[in-house]
Amino acid sequence: MKTKVNSASDTTSTLYETDFYAWTQEQAKLLQQGAWEHLDIVNLVDEIESLGKQQRQELRNRLGVLLGHLLKWEFQPNKRSKSWFVTLREQRRRVSEVLKENPSLKPYLPEALQKAYKDGLDLAVRETPLTDKDFPVECLYSIECILDSNFFPGEPIESGHDWVVEN
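Going by numbering that gives the first Met the number 0, the first residue of the sequence shown is number 0, and it counts up by one from there.
In structure tokens:
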């Protein structure tokens with residue numbers, strides 16, 4: 000005999016499908032009240048798992064943008080700009096925030112880096128006249144370098160740019 004996992008009423012499950020916000024508020028209230036038998040367990044589990052996946056995706060997305068701009072920076076030194084510099088700084092800060100708020104994602108970094116490199120490569124190809132053959136097949140930057148606010152691959156930054164901020 001199989002035990003019913005989802006003990007929520009049909010009304011609660013329907014609310015999940017028709018008014019997600021109202022469903023979240025109802026579930027929060029039921030949790031606060033300890034009304035376990037009325038919780039929509041199946042959908043709660045799904046949503047909690049989804050929250051974790053969102054954090055992994057956020058890390059990967061931020062790394063992808065960061066890697067794309069590192070590639071552009073290295074392979075198009077004559078096109079370097081304040082915008083690229085600011086994007087590199089911003090994405091590094093955001094990746095650091097995600098990792099600070101979710102330290103258990105650190106072991107996921109090698110996998111995220113591998114996946115994010117493909118996204119970064121796509122970004123660099125889309126935003127430059129270069130092709131994927133102009134870039135390394137695999138990421139040559141270490142995680143430490145990628146996150147280092149002083150790391151800018153390729154030729155050194157020319158002096159005289161007012162947008163270069165010393166850390």
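Where a beta carbon is used, it is the ideal one built from N, C-alpha and C, also for glycine.
In the DSSP assignment, Trp-72 falls within the alpha helix (DSSP H) that extends over 40 to 74. Bounds of the alpha helix (DSSP H) holding Ala-111 are 108 to 126. With the rule of 3 Cβ pairs closer than 8 Å, the region 74 to 81 does not count as touching the region 44 to 51. Assigned with DSSP and collapsed to three states, Leu-14 falls in helix. According to the DSSP assignment, Arg-92 belongs to the alpha helix (DSSP H) that extends over 81 to 100. Here Cys-138 is buried. Its C-beta has 16 or more other C-beta atoms within 10 Å. Burial state of Gln-90 is buried, judged by a 10 Å Cβ sphere holding 16 or more other Cβ atoms. Residue range 19 to 32 is occupied by the alpha helix (DSSP H) that includes Tyr-20.
Distance from the CA atom of Asn-42 to the CA atom of Val-124, rounded to whole angstroms, is 40 Å. Listed in chain order, the non-local C-beta contacts of Lys-114 below 7 Å within the same chain comprise Arg-59, local neighbours out to five positions each way being set aside. Beyond the five residues adjoining it in sequence on each side, Leu-120 comes within less than 8 Å, by CB distance, of Leu-66, Gly-67, Leu-70, Asp-131 and Phe-134 in the same chain, given in chain order.
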